[in-house]
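Q: Attaching a single structure in structure tokens format; questions to follow.
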């Protein structure tokens with residue numbers, strides 16, 4: 419366990435010239451490959467990074483500490499947590515074993531994956547292999563629907579017939595944690611390289627390539643309609659996102675080595691009109707945001723956004739933004 423004192427860096431929200439505080443609260447060395455974070459209903463905060471899920475806690479004042487909640491493995495071999503979400507006080511996470519490949523956009527070929535269910539109230543941890551896995555599916559964004567079904571986005575999806583952009587995992591035996599899976603949205607409708615998924619009421623917001631879209635979920639838990647809400651330039655990627663009161667905050671980065679300008683922003687989009695609200699640049703030339711979580715409970719300020727950085731690791735906190 420380590421305690422980190424936060425260095426403060428102040429930036430301007432580009433669209434509105436407002437002062438925003440961006441603070442690095444956990445170092446890249448201490449918490450590598452931070453893919454995503456999630457707040458539980460009771461305000462606890464967890465981060466998936468490489469083969470670990472961490473819990474971040476207060477160390478008093480403006481310092482934070484962290485503890486490893488679980489280390490992922492499949493049959494004794496370490497796996498990488500590539501997706502995580504929570505509902506009430508239960509965490510769901512996918513943990514995948516990859517090997518290098520040049521056959522897809524990720525540069526990695528999934529060989530085995532498990533779905534983790536972590537009940538924080540009881541302390542029970544259940545896992546189940548995900549046998550749907552193939553060379554063309556790498557679990558990434560996750561969200562839980564009102565009926566308890568779990569949606570998983572497929573980062574290596576391409577826009578070809580038969581490819582799934584999002585699959586649905588249904589728990590058919592809760593006690594023994596047995597699941598069934600089915601395609602929920604085709605890549606022809608969902609776009610290339612789906613990333614973050616977040617649900618508010620009956621609306622699913624999701625990022626795919628350079629687009630942010632929203633889907634109305636019908637009473638049967640199926641996709642009723644899809645609408646493109648916003649798109650950025652084609653050389654950028656929209657990663658994970660957070661739903662705020664009036665806007666969507668989305669992590670936006672440039673494709674490495676493709677864009678003439680290295681983009682590493684938190685971009686705020688009006689969730690009704692799809693118009694750009696503001697842009698907050700990350701604090702240095704290497705930080706690349708991968709996920710955003712709106713604070714719950716008393717661990718962080720009430721409006722804080724906690725940001726992960728998969729490529730470089732560490733955690734950032736953003737306050738003072740325009741929603």
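Numbering (the numbering used here), first residue to last: 419 to 741. Glycine residues also receive a C-beta, built at the ideal position from the N, C-alpha and C atoms. For clarity, every value in this text was computed on a predicted model and none was experimentally measured.
1. So what does DSSP say about residue 559, is it helix, strand or coil?
2. Which one of 512, 561 and 564 has the shortest CA to CA distance from residue 555?
3. Compare the C-alpha of residue 548 against each of 533, 561 and 558 and name the closest.
4. Quick check on residue 490: does DSSP put it in helix, strand or coil?
5. Label residue 528 either buried or exposed according to how many other C-beta atoms from any shown protein chain fall within 10 Å of its C-beta, with 16 as the threshold for buried.
6. By DSSP's criteria, residue 591 is part of a beta bridge. Which residues make up the other side?
7. Within this structure, are the beta carbons of residue 627 and residue 614 separated by less than 7 Å?
8. Please list, in chain order, all residues of the same chain as residue 663 whose beta carbon is under 6 Å from its beta carbon, the five residues on each side excluded.
9. Helix, strand or coil: how does DSSP classify residue 608 here?
10. Select from 464, 594, 564 and 453 the residue whose C-alpha is nearest the C-alpha of residue 634.
11. Check whether the stretch 493-507 and the stretch 466-477 are in contact - that is, three or more C-beta pairs closer than 8 Å.
12. On the premise that residue 732 lies in contact with residue 445, defined as a C-beta separation below 8 Å, what is that separation, rounded to the nearest angstrom?
13. Can you tell me whether residue 735 is helix, strand or coil according to DSSP?
14. Taking the alpha carbon of residue 595 as the reference point, which residue from 437, 504 and 510 has its own alpha carbon closest?
15. Excluding the 5 residues preceding and the 5 following residue 537 in the sequence, name in chain order all residues of the same chain whose CB lies nearer than 6 Å to its CB.
16. From the DSSP secondary-structure annotation, give me the bridge partner or partners of residue 682.
17. Hey, could you find the ends of the beta strand (DSSP E) residue 658 is sitting in?
18. Taking the CB atoms as reference points, tell me whether residue 708 and residue 728 lie closer together than 7 Å.
19. Do you know offhand how far residue 517's Cα is from residue 576's?
20. Please list the segments of the beta strand (DSSP E) lying wholly inside the stretch 458-483, counting only runs of 3 or more residues, in order along the chain.
21. CB-CB under 7 Å to residue 426, same chain, minus the five flanking residues each way: which ones, in chain order?
A: The short version:
1. Looking at residue 559 - three-state DSSP - the assignment turns out to be strand.
2. Residue 512 is the option with its Cα nearest to residue 555.
3. If we check each option's Cα against that of residue 548, 533 comes out closest.
4. DSSP places residue 490 in coil when its eight states are reduced to three.
5. Classification for residue 528: buried.
6. Partner(s): 596.
7. Between residue 627 and residue 614, the C-beta spacing is not below 7 Å.
8. Here the set comprises 741.
9. If DSSP states are grouped into helix, strand and coil, residue 608 belongs with the helices.
10. It is 564 whose Cα lies nearest to the Cα of residue 634.
11. Judged by Cβ distances under 8 Å, the stretch 493-507 makes contact with the stretch 466-477, as three or more pairs qualify.
12. Their Cβ separation, rounded to whole angstroms, is 5 Å, which keeps residue 445 and residue 732 in contact under 8 Å.
13. For residue 735, the secondary structure class from DSSP, reduced to helix, strand or coil, is strand.
14. Considering only alpha carbons, the answer is 510.
15. Excluding sequence neighbours, residue 537 sits near 508.
16. Bridge partners of residue 682: 671.
17. 654-661 is the extent of the beta strand (DSSP E) around residue 658.
18. Against a cut-off of 7 Å, the Cβ pair of residue 728 and residue 708 comes out as a contact.
19. Each residue's Cα considered, the two are about 20 Å apart.
20. Complete beta strand (DSSP E) runs here, min 3: 463-467 and 470-476.
21. Since pLDDT at residue 426 reaches only 40, below the 50 mark, its modelled position is unreliable, and the value read off the structure follows with that caveat. Excluding the 5 residues flanking it on each side, residue 426 has same chain C-beta neighbours closer than 7 Å at 439 and 441, in chain order.
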